[in-house]
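Peer 1: This is the structure, below, for whatever I ask next.
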Amino acid sequence: MQEPGQAYAEFVKGLWKENPVFVAVLGMCPTLAVTNSAVNALAMSAATFFVLVGSSFLISLLRNVIPRQVRISSYIIVIATFVTVADFTLEALAPDVHRELGAFIALIVVNCIILGRQEAFASKNRLLPSLADAAGMGLGFGLALFALGSLREILGNGSFFGISLFGPHFEPWVIMILPPGGFLMLGALLLVFGVVKQKRLEASRERERKAA
Amino acid sequence: MSETGQLFWILMSAMVINNFTLSYFLGLCPFFGVSGRVDTAFRLGLANIFVMVITSLCASVLNIFILPHAPYLRLISFIVVIASTVQFVEMVIRKLSPALFRALGIFLPLITTNCAILALALFQTNRGYGVVEGVVFAVGAGAGLLLALVLMAGLRVEADLSDIPKTAKGTAMNLLIAGILSLAFMGFAGLFSGSA
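The listed protein sequences derive, respectively, from chains S and C. Take any residue in the first sequence, count from 1 to its spot, add 1347: that is its number in the numbering used here. Take any residue in the second sequence, count from 1 to its spot, add 1: that is its number in the numbering used here.
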């Protein structure tokens, strides 16, 4: 397969078909913990994207140097380095957001999406496909986080990026920005996707039966 | 507030009010992955308490001796030291008490790279807990995880036996159950409002 075509395929699959949150249900801790507003979700996505692409870049270059027996510990040290960089950068650029996200930026180290991509992809592939894969997965993760964060902020606070949407008479659905709202919202989204998938499956089966 | 009262407050706060799983969303992988049966969930919870206490001690040692000189090494040193200490203790237990190892051993590697463990070390550092406070905090947080895991396992066993629409089975249903459980735990928030 030629390089650009493959890279494009690796990039696109992370956005929807193999979306790390909605399909693989990985990285749940940050997904639910920081999505109580759209801004927090964006900051978290950006930090994760940086760490994912950075460590995929380094590990793909080093894939023939790292001995197999100690690969997991090496990956973790590479990831932890990038997370430390992201943590300090965010603290310098946006101290308010950093305070709100608290320890969760540091906890990107143990996000299973990142280690999973290194083990499953970057350690076996050339630089370009690895970068495409990491960027796709990072964007897919960001997409899911942003969707959850926006929905929860709109329902639970009546605002979007801090701008009030419905005027003073809106009664906010406070539970949505509290912890239970995270579980309930993601559960509801997965339920909707499940129903849509089921409908599509039935429709395609129907078509096959008619064709036959 | 007295010294013991303070420790008791840390314990209860970590256990029910700010439950690691249900209000901080930490340790969700085992929460959804291993909560299929009640007895497995119980043993995983016990192993969790054990690892958390070791973690807390490691973090205290690192905080006192190393990190004041090199704060940028915090994350890396936490991960490396905690992982290797747990592995070491695992080997010691295997030699000294094979029965205990059989009960808890298989879970130890799974737990070590869990976000709840790293978060415990980070929270303890951020809040400036000393050695004793740290251990109490670890026991409380571990007991909270145990509680959440066992409750979740019990509910899931019930859910498996009842008639649920096919599309809702699996992750979506588990998330909704967890949401309701988390809602119930919010009731504990008023427990200490007077004394805090």
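Glycine included, C-beta positions come from ideal geometry on N, C-alpha and C. Computed from a predicted structure; not experimentally measured.
State the beta-bridge partners of Ser1402/S as determined by DSSP.
Peer 2: Paired residues: none, contrary to the question.
Peer 1: Alpha carbon to alpha carbon, how far is Leu1536/S from Val133/C?
Peer 2: 43 Å
Peer 1: When DSSP labels each residue in this structure, what does Phe250/C get in the three-state scheme?
Peer 2: Because chain C in this structure spans residues 2 to 197, residue 250/C falls outside the shown range and cannot be described.
Peer 1: What residues in its chain sit with their C-beta under 6 Å from that of Ala197/C, if we drop five residues either side in the sequence?
Peer 2: Because the pLDDT at Ala197/C is just 40, under 50, the model does not fix this residue reliably, and the value given afterwards should be weighed accordingly. Result list for Ala197/C: empty, nothing under 6 Å.
Peer 1: Alpha carbon to alpha carbon, how far is Val1370/S from Glu1555/S? Give it in angstroms, no decimals.
Peer 2: 26 Å
Peer 1: CB-CB under 8 Å to Lys1364/S, same chain, minus the five flanking residues each way: which ones, in chain order?
Peer 2: Val1370
Peer 1: Please name the residue or residues paired with Ser1506/S in a DSSP beta bridge.
Peer 2: Ser1511/S
Peer 1: By a C-beta neighbour count over all protein chains shown, 10 Å radius and 16 as the cutoff for buried, is Asn1411/S buried or exposed?
Peer 2: A residue is called buried when at least 16 other Cβ atoms come within 10 angstroms of its Cβ; Asn1411/S does not meet this threshold and is exposed.
Peer 1: Could you tell me which chain C residues have their CB closer than 8 Å to the CB of Leu1379/S, listed as they occur along the chain?
Peer 2: Phe26 and Leu29
Peer 1: So that I know if they touch, is there some Cβ in chain C lying closer than 8 Å to that of Pro1442/S?
Peer 2: Closer than 8 Å: no.
Peer 1: Assuming Leu76/C contacts Thr1431/S under a Cβ cut-off of 8 Å, what Cβ separation, rounded to an integer in Å, is found between them?
Peer 2: 5 Å
Peer 1: Taking only the alpha-carbon atoms, compute the straight-line gap between Tyr1355/S and Ala1481/S and give it to the nearest angstrom.
Peer 2: 12 Å
Peer 1: Shorter than 8 Å from the beta carbon of Phe89/C to some beta carbon of chain S?
Peer 2: Not closer than 8 Å to any Cβ of chain S, the Cβ of Phe89/C fails to qualify, so no.
Peer 1: Do the region 108-124 of chain C and the region 77-93 of chain C touch if we need at least three Cβ pairs shorter than 8 Å?
Peer 2: yes
Peer 1: Where do the N-terminal and C-terminal ends of the alpha helix (DSSP H) with Val1425/S fall, by residue?
Peer 2: Arg1418 to Leu1440
Peer 1: Can you look up Thr1378/S in the DSSP assignment and give me helix, strand or coil?
Peer 2: Helix at Thr1378/S.
Peer 1: Output yes if chain S places a C-beta closer than 8 Å to the C-beta of Ala100/C; else output no.
Peer 2: Closer than 8 Å: no.
Peer 1: Using a Cβ-Cβ cutoff of less than 8 Å, which residues in the same chain neighbour Val1400/S once the five nearest sequence positions on both sides are dropped?
Peer 2: Same-chain partners within the cutoff: Leu1478, Ala1481, Ala1482 and Gly1485.
Peer 1: Let me make sure I understand the geometry here. Which of Ile1426/S, Phe1508/S and Leu1409/S has the alpha-carbon closest to that of Asn1472/S?
Peer 2: Residue Leu1409/S is the option with its Cα nearest to Asn1472/S.
Peer 1: For Leu101/C, count the other beta carbons within 10 Å of its own beta carbon; 16 or more makes it buried, fewer makes it exposed. Which is it?
Peer 2: exposed
Peer 1: Give the residues of chain B in contact with Gln1353/S, contact being defined as C-beta atoms less than 8 Å apart.
Peer 2: The displayed structure is made up of protein chains S and C, and chain B is not among them.
Peer 1: How far does the alpha helix (DSSP H) with Leu176/C in it extend, from its first residue to its last?
Peer 2: Thr172 to Phe186
Peer 1: So is Leu23/C in contact with chain S if we call contact Cβ pairs under 8 Å?
Peer 2: yes
Peer 1: Is there at least one Cβ from chain C nearer than 8 Å to Leu1437/S's Cβ?
Peer 2: no
Peer 1: Nearest chain S C-beta to Phe124/C closer than 8 Å, yes or no?
Peer 2: yes
Peer 1: Less than 8 Å between the CB atoms is what I'm expecting for Val35/C and Leu45/C, so what's the real figure, rounded?
Peer 2: 5 Å
Peer 1: Spatial neighbours of Arg95/C within its chain, please: CB distance less than 8 Å, with the 5 preceding and 5 following residues excluded, ordered by chain position.
Peer 2: Phe102 and Gly106
Peer 1: When you check each C-beta in the region 1529-1545 of chain S against every C-beta of chain C, which residues fall closer than 7 Å?
Peer 2: Gly1529, Phe1530, Leu1531, Leu1533, Gly1534, Leu1537, Leu1538, Gly1541, Val1542 and Gln1545
Peer 1: Applying the 10 Å Cβ sphere with the 16-neighbour rule, what's the burial state of Ala1388/S?
Peer 2: buried
Peer 1: So, with DSSP's three-state summary, where would you put Trp1363/S?
Peer 2: coil
Peer 1: For Gly28/C, which of helix, strand or coil comes out of DSSP?
Peer 2: coil
Peer 1: With DSSP run on the structure shown, which of helix, strand or coil describes Pro69/C?
Peer 2: coil
Peer 1: If you count every other CB in all the chains shown that lies within 10 Å of the CB of Asp1434/S, and 16 or more means buried, which is it?
Peer 2: buried
Peer 1: Taking only beta-carbon positions, decide if Ile1452/S is within less than 8 Å of chain C.
Peer 2: Judged by the 8 Å Cβ criterion, Ile1452/S is not in contact with chain C.
Peer 1: Which whole-angstrom value describes the C-beta separation of Leu1492/S and Thr1378/S, a residue pair presumed to lie in contact below a C-beta threshold of 8 Å?
Peer 2: 6 Å
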